Each structure stands twice: as C-alpha cells, then as structure tokens.
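Chemist:
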Amino acid sequence: MSTIKRSQSGFTLIELLVVLLITGLLAGLLLPGIVKAGAKAKQVQCINQLRQIGLATTMYADDNAGMIPRSTHSATAYGQLPWAYALAPYITGSALAPGDIQWTNLFNGLYRCPVDRRRNNNWSYGKNVYPELSAAETGGPTWPTLNSIPNPTGTVLFAEKLGGSMADHFMAHFWPDGGEPEVDRSRHGPTSNYCFCDGHIANQKFELTYDAGHGINRWNPDTAR
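If you read the sequence shown in the numbering used here, its first letter stands for residue 70, the second for the next number, and so on.
Pasting the structure below:
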C-alpha cells in the first residue's frame with residue numbers, strides 16, 4: 070500500500086508542483102499573444118482616431134472654401150485657429166478653448182495615441198506644414214486647399230509626432246536640406262500611422278513616405294506619388 074499522504078485538499082506536493090509548472094508554461098505561451106493582441110488593439114484605435122481627424126478636416130474644408138486648417142506654424146499670423154482647435158467643433162459639436170475641460174478631454178483622448186502615455190503639452194499627432202507654405206517658401210506652387218493637392222491619395226497630411234516634440238506640425242520642407250524628421254517611426258512596432266489628404270489611413274514604415282536616397286517624398290504635394 071502506498072505511504073504517500075495527500076494534503077487536506079487531496080493533492081500531493083508533487084501534484085501541486087506539476088500544476089504550477091503547467092500553469093507557468095501556459096502563461097508563457099499565452100502572454101506574448103495577449104501582449105501582441107493588446108498592441109494591435111491600440112494600433113487600430115490610433116488609426117480610428119486619425120480617421121476622425123481626417124474626416125473633421127474634410128468637413129472643415131467643406132465649410133471653408135476647401136481650405137486646410139493651419140498649424141501653429143502659421144495660424145496666428147493669418148488670424149486663424151490652429152488645426153486642433155479649428156477641428157474641435159466637428160469632433161465635439163462645439164468650439165473649445167484652452168483650459169476648457171472638454172478641450173483637455175479631447176487633447177488627452179482623440180488627439181492622444183493610446184500608445185503615447187505622456188500627459189503634458191506634447192502632441193501625439195502633427196500636421197504636415199507643406200500645404201500652408203507661401204509661394205516664397207516653396208519657390209512656386211502652393212497647396213492651401215484640399216482640391217489643390219495634385220495627388221491627395223499619396224500626400225501625407227497628419228502623422229505621429231516623435232516623443233519630446235511640443236509642436237503640432239512637421240517642418241517637412243526642411244528635411245531635404247538636412248532637417249531631422251520629427252516623425253515617430255516605430256510607435257506601433259516598426260511602423261506608425263499616417264493620414265493622407267484623401268482621408269485614408271495607412272500603417273507603414275516611415276521610409277515609404279520619405280526616403281531622400283530613393284527620391285521618395287510623400288510630404289511634398291509636388292512630388293508625392
């Protein structure tokens with residue numbers, strides 16, 4: 070007759086250790102999948118947020134002779150609201166001002182990528198400055214309206230800002246001269262999300278939007294393909 074005594078619960082120490090071992094192995098197998106699924110869910114949420122921003126931009130343009138809202142780069146000089154404030158009525162249904170609790174909720178909600186956990190004045194998303202440049206800055210053509218963008222499907226309008234940047238825009242016209250792109254290139258793994266002028270969203274590598282060595286510049290409306 071066996072002399073192994075069971076615990077009050079009916080399990081031997083060895084059996085409990087086996088259960089714990091199996092549980093640990095299962096957790097090790099499942100955890101990467103759970104983490105990956107969580108990251109994918111946040112990526113999709115970010116895509117949906119950018120899609121809403123793109124839709125709000127189209128609605129704004131429809132109400133303003135096709136004009137694309139400006140960023141803080143030039144809005145004040147033209148007596149206009151920066152894009153985030155200009156788009157707020159199309160997102161919340163009412164105009165917002167800094168300090169308004171609804172603005173705070175919008176800034177830390179729709180304007181904040183779920184992967185970006187910062188709670189300060191840094192922006193998760195930024196607007197491409199190219200469409201608001203003057204002829205003096207571009208050396209010729211300008212693209213102030215959505216209809217003036219030669220290839221809206223291929224031209225980036227909004228993207229994800231690099232951590233530490235407190236601006237709401239990308240000075241992309243400086244990049245060909247050696248300026249450092251302020252784009253977060255790997256917020257969602259090796260990729261990030263981009264909103265194009267036609268409103269569609271793409272999750273892709275930065276090099277597919279800008280690669281000087283291969284002549285790719287989908288930020289400049291004149292060269293975007």
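C-beta atoms are modelled at their ideal positions from N, C-alpha and C, and glycine is treated no differently.
As the structure is a computational prediction, the values presented were derived from the model and not from experiment.
1. What are the complete beta strand (DSSP E) segments, minimum 3 residues, inside the stretch 186 to 237?
2. Should I122 and C264 be called a contact, given that it needs their Cβ atoms to be closer than 8 Å?
3. Where S71 and P183 are concerned, what is the direct C-alpha to C-alpha distance, given to the nearest angstrom?
4. Which residues mark the beginning and the end of the alpha helix (DSSP H) in which Y147 is found?
5. Measure how close the beta-carbons of T224 and R287 come, nearest whole angstrom, since I'm counting them as under 8 Å.
6. Taking just the CA atoms, how far does I170 sit from N197?
7. Sort out for me which residues DSSP pairs D267 with in a bridge.
8. Name the DSSP bridge partner or partners of Y273?
9. Note down the Cα distance separating V88 from P250, rounded to an integer number of angstroms.
10. Quick one: residues in its chain with C-beta nearer than 6 Å to the C-beta of H238, no 5 flanking neighbours on either side, listed in chain order?
Modeler: Judging by the given coordinates:
1. 194 to 197 and 225 to 229
2. yes
3. Here the model assigns S71 a pLDDT of 49, short of 50, so the residue's position is not dependable and the matter cannot be decided.
4. No alpha helix (DSSP H) contains Y147, which DSSP labels as neither H nor E.
5. For a cut-off of 8 Å, the C-beta gap from T224 to R287 is around 6 Å, short enough to register as a contact.
6. 27 Å
7. Paired residue(s): none; D267 is not in a bridge.
8. Note that residue 273 corresponds to Gln in the displayed sequence, not to Tyr. Q273 is bridged to S261.
9. 52 Å
10. S140, H142, G195, K196 and V198
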